[in-house]
Amino acid sequence: MADGKEDPTVFSSTSLPLDPRLLATVTNAYLGTRVYRDILHVNGVYNGAVGDTHRADIPSPVNVRMTVPGTDSLAETFTLNTQTGTFSHVLRSADYTVTHQIYAHRSLVHLMAFSITIQRSARTTQPITVCLHTPFVPKSQDLDLNRGLDFQGAHYIHGKTLVPEVEGGPRPTVHMLWTPVPQALTLCGEERERSWEFLTAVAESQEEVKKSYSDGLALIAAGSLHSSHAHAWAVLWRDSCVDLDGPLPLRQAVYGCLYYLLSAIPPWGNPGFLFHGISPGGLSNGTRDEDYWGHVFWDQDTWMFPNILLFYPEAARAILEYRIRMLEGALHNAWEQGYKGAKFPWESAATGREVCPEEIYGAQEIHVTGDVLMAFEQYYCTTQDQELFREDGGWKLVDAVAQYWCSRMVWSEEEQCYHIKGVMPPDEYHYRVDNSAYTNVVAQRSLKFAADVAQDLLIPVPEEWVDCAKKVKVPFDAEKKYHPEYDGYSPGEPVKQADVVLLGFPLMHPMSSEVRRNDLEMYEPITELSGPAMTWSMFAVGWLELKEVQRAQSQLRKCFSNITEPFKIWVENSDGSGAVNFLTGMGGFLQAVLFGYTGFRIRRSSLCFDPAFPDDVNKLSIVGISYVGNKLTFTITKEEMRIKVTECPRNTPASLLEAVLEESGQRFPLREGQSISFPTAAGWIWRLPTK
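Note that the working numbering numbers the sequence shown so that position 531 is 977, with each residue one more than the last.
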């Protein structure tokens, strides 16, 4: 699907961005850093008490720059290859090429590595020397680091974080081994080419760090350290890919978003560590006073999760398991505020306690609790994985969230409905408001889902859940036929970010096309133009629903002002402020493609589709959509839609699928290895009932 000859998966430049925050990131869900940065971060390792907790800064041995002394005419290139998960710096002259590669190993997640390769390109015999510059100092403001004995030629440090998140809580220990970096490397006169490889291993036990370092050395000896990493990325891309026959910038944006988001998820199978969720800036960011200090928000559950779920339900489950492990903290949060059940924190780190430095958000932006449960609902509908709920703690969380919402509601005798008072909606320009439309609808959805799961698990459904879900107020102006953002909202008041428009998607609150259009038209002109990057993606999804494809594309184009060059790093706000490597914005953008262009909607018993895309997109190919254990490939043009099942669950005939067209009722069995096609139209895929 080429647009010209430029590869949309490779981002190259002859210079680096002036702002170091915009450098490419290399992460693998356990370790992460920005290239040329003096610190790295470890999944789940925070330092500081509640209100001050942040990702612990660990000194980075991979922060190395190279130069070739005495030469002025070198061609220089910096490249991020999203297909291999590798950043490279190349210096080239008429006589030689020097390549510096940096990566976080995709499958051996405790390893980061870099290599220097000198390759002679002319028949010269002069030695070629490359100087290596590293500011590395084995000290940290967040850990009490101590030097240990060298191991297999590597230096060794270890130490605990200084301050636990809660009094008496755990202080994680970090162990690090790294290959010493010399000041220079030389290719001798008789050598044509040579590579030097440098390892950094990080783990939370001495045993694990030594094993990981030894595994890395074995791969170096076999000549396969980087190739094993690249292979793991190749498998990832083979199993999950989105490509368009469309404008190059759009294709680059999609590949960039996928790369950075896939970098944040754990590898398939047993990753060997407990996954601690995804923060807005990922593992590469989150030191004190940066990128929300590495905390986990609704950004993970609402903006990133749906994309991950469609491709990698195992990684989606790991995100939910993080929330389950944080349940004790959420129960404490609710108790502390005088409510029942579980209130998930606006900002979460290692314990599930509220760690937001500013009290107002933790106290009022309570919609996050419903956002967490919506992720559980989407997972359940897509996988039918009852084990998570029956045996692995999911039901306890669902039950606790339902209890929280019921205790948070108050009955209004005047209006004969339940109110939720004193909240901050997603639009953070407004606070201490009553009956935020988004908050109330997400609470309603939580309660309905809790009742559905209870029925499936043969657990009695409390009448209170049904009553609160049925009677909670959803603000609606019957005269203007739109949803006010909250009680007392005046049309025209500025809005910070997508809020009411989220009722249509992802909440899928029932409404007519007229009301959906009115909500979009009411809030589009008054929403902050330079606000958070995910906003315009949701307006695009809304207009795609209504088949206003060009209007949708005009909204999606606004996102491009948040994408920086040359490595497609997103900034939270288009003026450059806020978080960088803003995975939240990337997640919203991907949803505009994955759920907007396709019309995908996750329903209780089906995956719906209703494609619509703009004139400059001719074809959309999505590989690796996961639905109840099946893997599907979708190829969509404006004229034809083709679906192929590439993988089926074994020994579970109940997971056989069928596609149904909405208007005609035509049915197509979906069998492994076979394709079906039909004129592009709305419909759904569901699991055939057992006979």
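Note that beta-carbon positions come from the ideal geometry of N, C-alpha and C, so glycine has one too.
Task: Per DSSP, the bridge partner or partners of A1128 - done: None; A1128 has no bridge partner.
Open item on the list: Looking at the strands, I want to know which residues DSSP matches up with N592.
Closed with: N592 is bridged by DSSP to H604.
Open item on the list: I'd like the ranges of any alpha helix (DSSP H) spanning at least 4 consecutive residues and lying wholly in the stretch 987-1064.
Closed with: 995-1004, 1029-1037
Task: L547 vs K1014 beta-carbon contact at 9 angstroms - done: The sequence as given places Gln at residue 547; Leu does not occur at that position. No, Cβ-Cβ distance for Q547 and K1014 is not below 9 angstroms.
Task: Backbone secondary structure at I765 - three-state DSSP - done: helix
Open item on the list: For the beta strand (DSSP E) containing H621, name the first residue and the last one.
Closed with: For H621, the enclosing beta strand (DSSP E) covers residues 619-624.
Task: Buried versus exposed, by CB contacts within 10 Å (16 or more), E793 - done: buried
Task: Pair within 9 angstroms by beta-carbon distance, G1075 and E1108 - done: no
Open item on the list: Please state whether the Cβ-Cβ distance between G1034 and M984 is less than 9 angstroms.
Closed with: yes
Task: Of the residues P717, V801, L707, L520, the one placed nearest L729, counting alpha carbons only - done: L707
- [ ] Just mark S1110 as buried or exposed, buried being the case when its beta carbon has 16 or more other beta carbons within 10 Å.
- [x] Burial call: exposed.
Task: Close Cβ partners of T1155 (< 8 angstroms) along its chain, the five nearest in sequence each way excluded - done: Limits of the chain in this structure are 447 at one end and 1137 at the other, which puts residue 1155 out of reach.
- [ ] Identify, in the order they occur along the chain, each residue of the same chain with its Cβ nearer than 7 angstroms to the Cβ of A1177, setting aside the five sequence neighbours on each side.
- [x] No answer is possible for residue 1177: the residues shown for the chain start at 447 and end at 1137.
Task: Spatial neighbours of P422 in its chain, beta-carbon cut-off 8 angstroms, leaving aside the 5 residues before and after - done: For residue 422 there is no data in the structure shown, the boundaries of the chain being 447 and 1137.
Task: Contacting residues, own chain, Cβ-Cβ under 7 angstroms from I711 (five flanking each side not counted) - done: Cβ within range, chain order: A475, I754, Y758, A761.
- [ ] Locate the beta strand (DSSP E) running through W857, then write down its first and last residues.
- [x] 856-858
Task: Nearest candidate by alpha-carbon position, reference G490, set E974, L1102, A649, E637 - done: Of the candidates E974, L1102, A649, E637, the one whose C-alpha sits nearest the C-alpha of G490 is A649.
- [ ] For G692, I'd like the list of residues in its chain whose CB is within less than 6 angstroms of its CB, leaving aside the five on either flank, ordered along the chain.
- [x] D1062, V1063
TODO: At 4 residues or longer, and completely inside the stretch 786-834: list those alpha helix (DSSP H) runs for me, N to C.
DONE: 805-810, 813-829
- [ ] My understanding is that G635 touches Q572, with C-beta atoms under 8 angstroms, so please give their C-beta distance in whole angstroms.
- [x] 6 angstroms
Task: Beta-carbon spacing of R511, H579 below 9 angstroms - done: yes
- [ ] Within 10 angstroms of the Cβ of V856, are there 16 or more other Cβ atoms? Answer buried if so, exposed if not.
- [x] exposed
TODO: Within 10 angstroms of the Cβ of C577, are there 16 or more other Cβ atoms? Answer buried if so, exposed if not.
DONE: Per the 10 Å Cβ criterion, exposed.
Open item on the list: Would D608 and N509 be called neighbours here (beta carbons separated by less than 9 angstroms)?
Closed with: Checking the displayed sequence, the identity of residue 608 turns out to be Leu instead of Asp. It is not a contact, given that the beta carbons lie outside the stated cut-off.
- [ ] Please name the residue or residues paired with Y969 in a DSSP beta bridge.
- [x] The secondary-structure analysis by DSSP pairs Y969 with nothing; it has no beta-bridge partner.
TODO: Tell me whether N731 is buried or exposed, calling it buried when 16 or more other Cβ atoms sit within 10 Å of its Cβ.
DONE: By the neighbour-count rule (16 or more Cβ atoms within 10 Å), N731 is buried.
Task: A979 vs G1031 beta-carbon contact at 9 angstroms - done: yes
Task: Which of helix, strand or coil DSSP assigns to F1080 - done: strand
Open item on the list: So G938 and I972 are supposed to be a Cβ contact under 8 angstroms. How far apart are they, rounded?
Closed with: 6 angstroms
- [ ] In angstroms with no decimal places, state the Cα-to-Cα distance between I666 and S658.
- [x] Inter-residue distance for I666 and S658 is about 12 angstroms (C-alpha atoms, whole angstroms).
- [ ] Within its chain, find whatever has a CB closer than 7 angstroms to the CB of R734; leave out the 5 residues flanking it on each side and keep chain order.
- [x] H500
Task: Where F457 falls, given that 16 or more other Cβ within 10 Å makes a residue buried - done: buried
Task: C-alpha gap between P507 and W642, whole angstroms - done: 15 angstroms
Task: W424 versus S567 - alpha carbon distance - done: Within the shown structure, residues of the chain are numbered from 447 to 1137, placing residue 424 beyond reach of any answer.
TODO: State yes or no: is the C-beta of A883 within less than 9 angstroms of the C-beta of V946?
DONE: yes
TODO: Evaluate A848 with the Cβ neighbour count: other Cβ atoms within 10 Å of its Cβ, from every protein chain shown; 16 or more gives buried, anything less gives exposed.
DONE: Per the 10 Å Cβ criterion, buried.
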